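Visitor:
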Amino acid sequence: MARVADRGDRGGPEAPARPLDPRWLAVAAVGLVAVGALLPALLPGAGYTWDDHLLIAEHPWVHAADGWRSLLTSPLWEVVPDRPGDYFRPLVSLTYWLEVQAFGDAPGISHAVNVALHVLCVALVARWLWRRVDATGLAPKAVALWLAGALVWFAVHPSRPETVAWIAGRTDLLALALGLLALEAAERRGVGWSATTAGLLGLALLCKETGVVFVGLLWTDALLLPRPEARTRRAHLERGVVTTLLAVATVARVAWLPPSDRALADGAIPVISTLGLYVRATLSPFPPSAVIEPLELDAHGAPVFAPVGILLGGLAIATLAALTVLALRRASARPWLADALWFLAPLVPVLQIVSLGLPGQVAERFLYIPMMGISALLLRAGLTWQRRREPPMTAVAALVLVNVAFFVPFTQAFAGAFRDDAALWGYELAIDPERAYVQERALHLVPAGDARGRLERARRLAEVAADHGQHAAVVRGALVAMETLAQSAPPDQCPEALLTASRRLGAGEAARLTPDWEVRLPAAEARAMAQSYPPYTALRAELMLRCGQAREAVQLLREGPPGETTQGLLPRALALSGDWDRARARMRALEEELPLSTVVRAEARRFAQADALHARAGSDPRLGPVWRSQAASTLGDFAAARRALAPTPALEREPVYFQNAIELERFTGHPDAATRLLARARAALPEHEETWRRLEATIPH
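All the letters of the sequence shown, read from the start, carry residue numbers 1 to 701 under this note's numbering.
(1) Using a Cβ-Cβ cut-off of 8 Å (strictly less than) and excluding sequence neighbours within five positions of Pro-285, which residues of its own chain qualify?
(2) Please give the ranges of any alpha helix (DSSP H) in the segment 564-639, keeping only runs that are unbroken, at least 4 residues long and fully inside the region.
(3) Look up Leu-264 in the DSSP assignment and say whether it is helix, strand or coil.
(4) Quick check on Arg-512: does DSSP put it in helix, strand or coil?
(5) Buried or exposed: which applies to Ala-697, given that a residue is buried once 16 or more other Cβ atoms fall within 10 Å of its Cβ?
(6) Under the three-state reduction of DSSP, which class applies to Val-362: helix, strand or coil?
(7) Which residue wins for smallest C-alpha separation from Leu-574, given the options Arg-586, Glu-564, Gly-563?
(8) Comparing C-alpha positions only, which one of Asp-620, Asp-637, Ala-589 sits nearest to Ala-550?
(9) State yes or no: is the C-beta of Val-308 within less than 9 Å of the C-beta of Arg-330?
(10) I think Trp-342 touches Ala-321, with their Cβ atoms under 8 Å apart; what is that distance to the nearest whole Å?
(11) Does any residue of chain C bring its CB to less than 9 Å from the CB of Gln-101?
(12) By the DSSP assignment, the alpha helix (DSSP H) with Arg-132 in it spans what residues?
(13) Given that a residue counts as buried once 16 or more other Cβ atoms are within 10 Å of its Cβ, and exposed if not, what is Asp-620?
(14) Suppose you measure from the CA of Glu-542 to the CA of Pro-60; what does that come to, to the nearest Å?
(15) Tell me, please, which residues DSSP counts as bridged to Val-292.
(16) Is the beta carbon of Arg-334 closer than 9 Å to that of Pro-226?
(17) By Cβ distance, which residues of its chain are closer than 6 Å to Glu-99, with the 5 residues on each side in sequence left out?
(18) Please say whether Gly-67 and Trp-77 have beta carbons closer to each other than 9 Å?
(19) Where are the alpha helix (DSSP H) runs, 4 residues long or more, that stay fully inside the segment 368-393, in chain order?
(20) Please classify Val-143 as buried or exposed, where buried requires at least 16 other C-beta atoms within 10 Å of its C-beta.
(21) Could you say which of Ala-182, Asp-432, Asp-134, Trp-692 lies nearest to Pro-288 if we only look at CA atoms?
(22) What residues match up with Val-279 in a beta bridge as DSSP calls it?
(23) Within the continuous alpha helix (DSSP H) that includes Tyr-427, where are the two ends?
(24) Near Leu-312, what residues of its chain come up, given a Cβ to Cβ distance below 8 Å and the 5 sequence neighbours on each side ignored?
(25) Straight-line CA distance for Ser-629 to Ala-155?
(26) Could you give the first and the last residue of the continuous alpha helix (DSSP H) run that contains Pro-140?
(27) Do you know whose CA, among Leu-651, Leu-445, Leu-55, lies nearest Asp-105's CA?
(28) What does the alpha-carbon distance come out to for the pair Thr-197 and Leu-176?
(29) Can you check the segment 42-93 for any beta strand (DSSP E) of at least 3 residues that lies completely inside it and give the ranges in chain order?
(30) Straight-line CA distance for Tyr-437 to Gly-190?
(31) Starting from Phe-214, trace the alpha helix (DSSP H) in both directions and tell me its first and last residue.
(32) If you count every other CB in all the chains shown that lies within 10 Å of the CB of Trp-336, and 16 or more means buried, which is it?
(33) Going by beta-carbon coordinates alone, are Gly-149 and Leu-399 separated by less than 9 Å?
(34) Please name the residue or residues paired with Val-100 in a DSSP beta bridge.
(35) Applying the criterion that 16 or more other CB atoms from any shown protein chain within 10 Å of the CB defines a buried residue, is Ser-332 buried or exposed?
(36) Expressed to the nearest angstrom, what Euclidean distance is found between the alpha-carbon atoms of Gly-578 and Ala-442?
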């Protein structure tokens, strides 16, 4: 039979143009609103934030040309100390590698990729939504408006920026995109499509462990939604193939990378409270925050769960139970139960049934997938109302616009917070300055040379912890204050009480936090902290080094708990004790033993610079004190650096002496001393006025 040509090509009558489905217009409008709400993350100057530094900017494999091999076969946090070792998300890391290899360190590209993935997810969620609801008999424009209103909750909800504007949130974006593509494939019949569905779900699992819930939801949708074609024997067989393949892949993955030992929840209250806090973050996300600290601790360090979390969690469980009973009796209630399960099931892995490390850890990024269930419930409720009451389209449109107007300002502000670290922690401080973790992170926003500012912020942190009566947080706050002093404050600003406290943590003397900075703990708890947590040992060693107790620090690091933080500090302690040969040998050994450790690499860079300066001091008798001072300053011993720069008539004829002395005083927070040195330099060496003018501009007044 001859092929029939297109009549439009031969001048015949044209087929009538197919009108554009108004649902796609609604999706396009919501997508544009979502991009607008997330626009602050796309503006020029957006950088890396929070975990982005560890996962991208400082990750050795992401920057290596052949790093993709290691990224595809290693846990997510393989090169980062003190992080979970059972997260395996190679596809996410591979996208970071591709971006860095193609564009270099270009966080703007990564932000744009995240927003593009979000827009893709919005379109796929729209397809998923209108497949699961019955819109027969309703006006297309009405359906489109209700779809837009429901989709706004997924696309523009104030919780979105933590997933989309934060580059590290890409795990959820990729997992959902692949999961929804798998559900699209599951709509097709045939073994080939079943294998495709299983493959896509397997890839989603390689982006985030939560991807495993898609298999269960595939079954619940088939059993609860009114779709007879999904309950045939062949359909069950195809889902069985998908489930079997995913089960085999999951078992293989667990066998290769066993889950870390984590404690089960201590009763039902932590789980109920955590669920309630997610419900609150869904229904009342104002203001959105990247750091939710819902827990208070009593005087003994035990968690005190917020009543609002317990109440909302209990109501959510009661509602789900009632809906389940109703669904057993009435077929009309089953689709509502299916939608509700799309909210609850993706939250199960983060409900603290198995501890995530903090008893009340809640993060808004964990709502990215569950918000699909909320959108489905809203769409189903809207279409039901449309059938029964037929509200005017202007009222529905106004409802959608009010929703958009309510969400967008909060979403934009939160998206802008993920432009860089200063924006994020400045935002978090502005919305609630009383959170210990936010105070801790904000310490690093103070310039390193502003020792007084860092000390004041550290003092405020400890006071906040004490005011809240949080026993563990008091210790944490005081230790952060110690760390701050160890890093930047000059020795004469270190209260003796802090130094005493650091030793008492190891000695196990019982006491408390007092206004003069004396930290004490019950003896058993103090010993446990000193012996089992390497960062605490490292903090005490840092303080010993700051006070000239280098030999004591070496002994503490050798006898303390093993860990990258303590071992990475050991070469520095050996060097400051004067044992440069052993320091070099230990540094070389560490680089061979832990070549991927960020701690070791950071210490190696610092040590290499100090070692070169030390060698230069030995070969240059005239300027030896200057280079010894520089070496000590590089290693963090500002007291030794100042001693090495004791003025002599010979040194005061050298411009480099004054440069180093002025910079040391400025860096350690002594602008008055730096100004006096500058006046002496101008009097002694007026011919270097250009140098003194440049230095003067760096001294705070």
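Ideal placement from N, C-alpha and C gives every residue a C-beta, glycine not left out. Quick caveat, the model's predicted, so the values are computed rather than measured.
Guide: Considering the structure as presented:
(1) Same-chain partners within the cutoff: His-157, Pro-158, Ser-159, Glu-364, Phe-410.
(2) Segments of the alpha helix (DSSP H) lying fully in the segment 564-639: 564-576, 580-593, 598-619, 624-634.
(3) Correct three-state label for Leu-264: strand.
(4) Note that Arg-512 has pLDDT 45, beneath the 50 cutoff, so the model's placement of it is unreliable and no number is given.
(5) Answer is exposed; the Cβ neighbour count stays below 16.
(6) Strand at Val-362.
(7) Nearest neighbour of Leu-574 by Cα position, chosen from Arg-586, Glu-564, Gly-563, turns out to be Arg-586.
(8) Minimum Cα distance to Ala-550 is reached at Asp-637.
(9) Not a contact, by the Cβ cut-off of 9 Å.
(10) In this structure Trp-342 does not touch Ala-321 by the C-beta definition: roughly 17 Å separates them, more than the 8 Å allowed.
(11) Although the question refers to chain C, the structure presented lacks it and comprises just one protein chain.
(12) Secondary structure note for Arg-132: its alpha helix (DSSP H) is the uninterrupted segment 107-132.
(13) Flag for Asp-620 reads exposed.
(14) Rounded to whole angstroms, Glu-542 to Pro-60 spans 27 Å at the Cα level.
(15) What sits at residue 292 in the sequence shown is Ile, not Val. Per DSSP, Val-362.
(16) Yes, Cβ-Cβ distance for Pro-226 and Arg-334 is below 9 Å.
(17) So the qualifying residues of the chain are Ile-109, Ser-110.
(18) Their beta carbons are not under 9 Å apart, which means Trp-77 does not touch Gly-67 by this criterion.
(19) You should have 371-389.
(20) Buried is the call here.
(21) Ranking the options by Cα distance to Pro-288, first place goes to Asp-432.
(22) Partner(s): none; Val-279 has no beta bridge.
(23) First-last of the alpha helix (DSSP H) with Tyr-427: 421-431.
(24) Excluding residues within five positions, the ones whose Cβ falls inside 8 Å are Leu-275, Gly-276, Leu-277, Val-279, Arg-280.
(25) Using only the alpha carbons, I get a separation of about 56 Å.
(26) Where Pro-140 is concerned, the enclosing alpha helix (DSSP H) stretches over 140-155.
(27) The residue with the shortest Cα to Cα distance from Asp-105 is Leu-55.
(28) The straight-line gap separating the alpha-carbon atoms of Thr-197 and Leu-176 is approximately 13 Å.
(29) Counting whole runs of 3 or more residues, the segment 42-93 contains no beta strand (DSSP E) stretch at all.
(30) Roughly 52 Å separates the two Cα atoms.
(31) Counting along the chain, the alpha helix (DSSP H) containing Phe-214 begins and ends at 213-224.
(32) So Trp-336 ends up on the buried side.
(33) When the beta-carbon positions are compared, Gly-149 and Leu-399 come within less than 9 Å of each other.
(34) Val-100 pairs with nothing; no bridge assigned.
(35) Label assigned to Ser-332: exposed.
(36) Approximately 35 Å, taken between the alpha carbons.
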